[in-house]
Amino acid sequence: MTAPQRRRRPPVFALVVASLTVAFLAIPLIGLLTKASWSTLWNDLTTPVALDALRLSLICSLWATGLSLVLGVPLAWVLARTQLPGRSLVRALAILPMVLPPVVGGVALLVAFGRDGLVGKHLYSLFGIQFTFTTAGAVLAETFVAMPFLIITVEAALRSMDGRYEEVAANLGAGRWTTFRRVTLPMIAPSLIAGTALTWARALGEFGATITFAGNIQGRTQTLPLAVYLALQNNEALAVALSLALLAISVVVLVSLRGWWLGTIKS
Amino acid sequence: MSSSPQQTSMRRPLIALVAVAMVAVGATGCSSSAASSDTTTTQPKVGGSITVSAASSLTGAFNQLGTRFQSAHPGTKITFNFGSSSALVLQIQQGAPADVFASASTKNMTAAQSSGNIKGKPVVFARNTLEIVVKPGNPLGITSLAGLNKANVVALCAPSAPCGAAADTVLQQAGVTIPTSKVTLGADVKTTLAQVTSGNADAAIVYVTDAKAVGHAGEAVPIPKSQNVVTSYPIAPVTGTTNAALANAWIAYVIGPEGQKVLRAAGFLPPG
Amino acid sequence: MSLDADMRVTVGTFEERIHLDVADGEVVAVLGPNGSGKSTLLRALAGLRPLTAGRIVLDDVVLDDPDAGVLVPPEHRPCGMVFQDYLLFPHLTAAANVAFGIRGRGATKADADKRALEWLGRMGLADKAESKPRQLSGGEAQRVALARALATSPRLLLLDEPMAALDVGTRGSVRHQLRRHLAEFAGSCVMVTHDPLDAAAIADRLVIVEAGRIVQQGTLKEVTTRPRTTYIADLMGLNLLTARASGTTLVLANGTALETASPATGEVLMVIAPRNIALYLQRPGGSPRNTWSTRVSEVHLMGDRARVLVGEPVPVTAEITAVSLAELGLTEGSPVWASVKATQIDTYPAQAG
């Protein structure tokens with residue numbers, strides 16, 4: 001006699017742990033919400049400081065994400081698809097900013113790209129380019145810290161992708177670039193989008209490297225996290241309001257992106 | 268017992284690293300620091316813009332002063348770059364286009380001077396001193412530094428932060444040692460203070476200006492002058508400034524009656 | 540002669556050395572065990588792996604010649620390829636998959652789309668044009684892959700294990716269709732397979748590759764009736780032994796003598812079909828002269844037939860009915876008598892040619 005097939009339920013243990021994890025992630029947010037002064041929230045968020053920070057955060061994080069794509073994807077491709085010597089060293093170098101405390105990353109950037117820095121002094125004397133106290137500096141700092149997330153995700157995707165599809169494309173008359181654009185990129189699209197989202201989120205939350213390297217100037221380098229830090233000095237309500245804005249932006253973008261991305265996989 | 272600088276610098280490797288980088292950069296950048304004497308503060312017509320790199324504890328007061336200065340001197344623009352004094356020095360040493368440096372400690376100002384990044388002689392424009400902050404209503408009845416031993420947890424700034432070094436001195440002068448197991452170290456004065464206002468620590472030693480900003484979330488307990496230390500806030504133009512006139516005008520404004528009034532309201536002590 | 544390829548490829552310590560001529564309209568099947576170098580051969584022809592030495596010439600155009608420094612990259616070779624597992628681009632529809640190659644050869648998008656639909660129609664897949672590869676059956680996917688390869692108007696068509704990804708049940712009909720489509724193809728075709736049934740059904744000529752060398756080639760009949768290596772003999776299900784012949788007597792390496800009907804001299808290969816070997820529990824009386832005592836080493840039941848492997852002095856496989864197997868009660872290690880008629884031993888010279 002065969003027992004009727006019972007529907008498999010998720011194990012209780014997994015459910016318990018999952019609930020605890022959700023609580024662990026959600027409670028700090030709730031804490032932040034209880035700290036908010038709702039009556040002044042709108043006024044706080046429409047002050048010039050807050051608006052500047054919002055605008056800069058969006059601009060810088062998007063630029064950093066774009067730069068990461070332009071610089072990171074080719075590197076990921078080289079790491080995944082070529083046999084160049086020293087690749088493991090380059091890979092370690094590429095993920096170094098992930099383990100480096102961001103403030104140290106900022107110091108390193110300053111020593112390298114500051115106006116008197118190793119490379120920075122030449123950039124300044126030859127082209128008049130200067131990063132410290134400029135929005136470009138904030139973008140650079142965010143890129144430095146966030147790009148590893150893209151490189152790692154894309155390289156892993158390229159590695160797990162069946163490389164024979166690229167041979168198929170070549171056999172069908174496609175050159176390297178066409179193959180990359182019409183075969184490789186679409187095939188790693190889910191990972192590319194996930195990596196881009198991660199990179200953007202990391203850039204949006206970047207604090208240490210930005211304040212150290214680019215400085216903390218309203219309207220120029222003062223992104224939301226930096227504004228939160230300063231607001232903590234003398235206006236806690238503003239700090240909470242800005243944090244909530246930061247959270248809201250990231251949640252909205254990540255959730256909508258995820259919906260879209262799952263959609264592209266299914267279709 | 269009381270935490271030694273070596274121990275804690277290992278606990279905070281990143282600050283140590285920053286410090287090392289600072290020293291290294293400072294040593295190589297040590298060149299001419301010819302003291303020029305053009306800091307005369309007449310009332311010339313000033314214009315243009317400057318960037319003031321200031322310690323973050325000055326955020327409130329300087330923002331207020333900046334607005335007032337600009338309306339008093341139409342056509343000028345004061346831009347602030349707030350951060351930790353040590354990071355600000357590093358930026359300046361690496362060529363950041365700052366015009367004025369306002370430091371929360373003489374140590375960082377000296378570092379900037381010895382690397383040749385300061386023009387003329389820095390002037391102290393404000394001072395700060397320490398206070399104990401306890402939970403509202405002072406449930407443990409802490410009324411002195413010695414009373415800190417009644418606390419289960421005391422929040423102090425890390426020794427690498429100016430407030431941490433000052434707190435260490437204060438405790439030494441009072442002959443009070445708090446067991447390391449009862450001490451929590453904050454990265455800066457705000458995180459240290461937050462340990463008390465969030466109820467985790469029973470007491471903290473912080474600057475008067477920060478204690479003043481706490482409001483109802485805590486209660487201040489003064490430290491007697493004999494046991495206390497006073498830290499100075501020096502200000503000076505940066506060597507590379509492209510608008511020395513405005514830089515000097517701003518410094519004069521901060522030192523002057525207007526500036527002092529605002530700084531006093533924020534809880535700072537007068538410079539002399 | 541359309542394709543003339545003298546290929547030498549070194550992979551680590553493995554050196555492959557194969558000469559392949561394929562005429563226009565000819566379909567050549569390359570058969571060989573795993574690791575024999577069949578796929579490397581296709582990859583070299585497609586330009587996905589450069590030759591170490593040698594020369595590939597297609598229609599008088601040199602595609603690869605290391606000595607002369609010539610190497611035409613894959614995207615510029617007139618070679619269509621049906622890859623193993625077909626490798627249809629999963630993110631593109633069937634029509635877009637076919638159009639990809641047409642565009643790769645320089646057509647405009649509109650033109651490529653139109654011709655892709657024509658090709659799918661020719662393959663009986665007009666209704667699948669907008670399907671993604673994962674919505675296609677194995678046979679349909681194969682036809683899309685074939686359309687994709689043929690749509691580029693190649694002079695050389697390469698098929699890499701085109702049947703391996705199919706269910707056993709559908710293979711027969713797919714094989715038949717593939718044969719029909721290949722018959723219309725004017726260029727040269729090379730198909731790699733490890734299944735002699737595919738080779739038999741589709742190819743005009745068989746090339747057997749083992750350990751990087753061609754060990755035998757010829758028509759299906761030549762290869763299947765006179766295999767030159769045990770790999771081919773095993774594929775065809777035949778027993779292959781070497782012997783020295785003098786007259787009608789064949790002497791095996793271990794000294795055992797067997798009698799054959801047609802006389803020969805020197806080193807010969809001898810083939811015995813398994814069903815022509817009889818097994819007995821007692822020494823059989825009467826006619827068969829080739830009779831020997833041995834032991835069963837393995838027994839494989841295959842439906843109503845059984846293959847019984849026997850050991851020395853003449854290690855061969857005998858095929859008997861399952862009923863006989865039960866009657867004889869044979870298991871591994873059973874003593875048994877084996878015999879074969881002299882007329883059922885076929886011999887041919889060990890040296891080819």
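Protein chains in written order, with the numbering used here: chain A, 1 to 267; chain B, 268 to 539; chain C, 540 to 892.
Just so it is clear, CB atoms sit at the ideal spot from N, CA and C, and this is done for glycine as well.
All figures in this text were calculated on a predicted structure; none of them were measured in a lab.
Checklist entry - If we call anything under 8 Å between Cβ atoms a contact, is Thr691 (chain C) one with Leu172 (chain A)? => result With contacts defined by Cβ atoms closer than 8 Å, Thr691 (chain C) and Leu172 (chain A) form a contacting pair.
Checklist entry - Assuming Val496 (chain B) contacts Thr373 (chain B) under a Cβ cut-off of 8 Å, what Cβ separation, rounded to an integer in Å, is found between them? => result Incorrect: roughly 12 Å between the Cβ atoms, too far for contact.
Next on the checklist: Quick check on this structure: which residue in A:Val251, A:Thr46, A:Thr178 has the alpha carbon closest to the alpha carbon of Gly205 (chain A)?
Outcome noted: A:Val251
Checklist entry - Does the distance from the CB of Val400 (chain B) to the CB of Val456 (chain B) come in under 8 Å? => result Not closer than 8 Å, so no.
Checklist entry - To the nearest angstrom, how far is it from the Cα of Thr21 (chain A) to the Cα of Ala14 (chain A)? => result 10 Å
Next on the checklist: Contact criterion: CB-CB distance below 8 Å. Does Leu172 (chain A) meet it with respect to chain C?
Outcome noted: yes
Item to check | Where Met98 (chain A) sits in the DSSP three-state scheme | outcome: helix
Next on the checklist: Using a 10 Å radius around the Cβ and a threshold of 16 neighbouring Cβ atoms, would you call Gln439 (chain B) buried or exposed?
Outcome noted: exposed
Checklist entry - What residue ranges within the segment 415-450 of chain B form continuous beta strand (DSSP E) runs of no fewer than 3 residues, ordered along the chain? => result The segment 415-450 of chain B contains these whole beta strand (DSSP E) runs: 421-424.
Next on the checklist: Can you look up His615 (chain C) in the DSSP assignment and give me helix, strand or coil?
Outcome noted: Residue state, collapsed to three classes: helix.
Checklist entry - Going by other Cβ atoms of all chains shown within 10 Å of its Cβ, with 16 needed for buried, is Thr82 (chain A) buried or exposed? => result exposed
Checklist entry - Would you call Pro672 (chain C) buried or exposed, if buried means 16 or more other Cβ atoms sit within 10 Å of its Cβ? => result buried
Item to check | Within chain A, partners of Cys907 (chain C) - CB distance below 9 Å | outcome: The question about residue 907 (chain C) has no answer, for chain C in this structure spans 540 to 892.
Next on the checklist: Taking only three categories from DSSP, how would you classify Asn573 (chain C)?
Outcome noted: coil
Item to check | Pairwise C-alpha distance: Asp734 (chain C) and Gly544 (chain C) | outcome: Rather than Gly, the amino acid found at residue 544 (chain C) in this sequence is Ala. For Ala544 (chain C) and Asp734 (chain C), the distance between alpha carbons rounds to 24 Å.
Next on the checklist: Distance cutoff 8 Å, beta carbons only. Does Leu32 (chain A) sit that close to anything in chain B?
Outcome noted: no
Checklist entry - Taking C-alpha atoms, which residue in C:Leu597, C:Ala889, C:Thr579, C:Asp598 lies nearest to Thr591 (chain C)? => result C:Thr579
Item to check | Beta-bridge partners of Asp543 (chain C), as assigned by DSSP | outcome: C:Asp560, C:Val596
Checklist entry - Alpha carbon to alpha carbon, what distance is there between His340 (chain B) and Met98 (chain A)? => result 46 Å
Next on the checklist: By the three-class DSSP mapping on this structure, what secondary structure does Asn405 (chain B) have?
Outcome noted: coil
Checklist entry - Shortest alpha-carbon distance to Glu155 (chain A) belongs to which of A:Gly72, A:Phe207, A:Val228, A:Ile59? => result A:Gly72
Item to check | the segment 415-423 of chain B touching the segment 516-529 of chain B, judged by at least three CB pairs closer than 8 Å | outcome: no
Checklist entry - Quick one: is Glu806 (chain C) buried, meaning 16 or more other Cβ sit within 10 Å of its Cβ, or exposed? => result exposed
Checklist entry - Can we say the segment 696-710 of chain C touches the segment 652-671 of chain C, given the rule of at least three CB pairs closer than 8 Å? => result no
Next on the checklist: Looking at chain C, is there any beta carbon in it that lies within less than 8 Å of the beta carbon of Arg164 (chain A)?
Outcome noted: yes
Next on the checklist: I'd like to know whether the C-beta of Leu357 (chain B) is nearer than 8 Å to at least one C-beta of chain A.
Outcome noted: yes
Item to check | Residue range of the alpha helix (DSSP H) that includes Val475 (chain B) | outcome: Following the DSSP letters along the chain, one finds Val475 (chain B) inside the alpha helix (DSSP H) bounded by residues 475-480.
Next on the checklist: With three or more C-beta pairs closer than 8 Å as the rule, is the segment 675-688 of chain C touching the segment 619-629 of chain C?
Outcome noted: With a cut-off of 8 Å, the segment 675-688 of chain C and the segment 619-629 of chain C count as touching, because enough Cβ pairs lie within range.
Checklist entry - What do you reckon, are the CB atoms on Pro403 (chain B) and His483 (chain B) nearer than 8 Å? => result yes
Checklist entry - Taking Cβ positions only, does Pro613 (chain C) come closer than 8 Å to chain A? => result Closer than 8 Å to some Cβ of chain A, the Cβ of Pro613 (chain C) qualifies, so yes.
Next on the checklist: Under 8 Å, CB to CB, which of the residues in the segment 116-136 of chain A have a partner in chain B?
Outcome noted: Asp116, Gly117, Gly120, Lys121, Tyr124, Gln130, Thr132, Phe133
Checklist entry - DSSP on Gln222 (chain A), reduced to helix/strand/coil? => result coil
Item to check | Delimiting residues of the beta strand (DSSP E) encompassing Asp885 (chain C) | outcome: 885-888
Next on the checklist: Closer than 8 Å is the cut-off here; do at least three beta carbon pairs connect the segment 318-326 of chain B with the segment 354-373 of chain B?
Outcome noted: yes
Item to check | Contact with chain E by Ile217 (chain A), beta-carbon distance below 8 Å | outcome: Checking the listed chains, one finds no chain E in this structure; the protein chains it contains are A, B and C.
Item to check | Pick from C:Ser575, C:Ala742, C:Ile859, C:Ala634 that is closest to Glu565 (chain C), judged by C-alpha positions | outcome: C:Ala742
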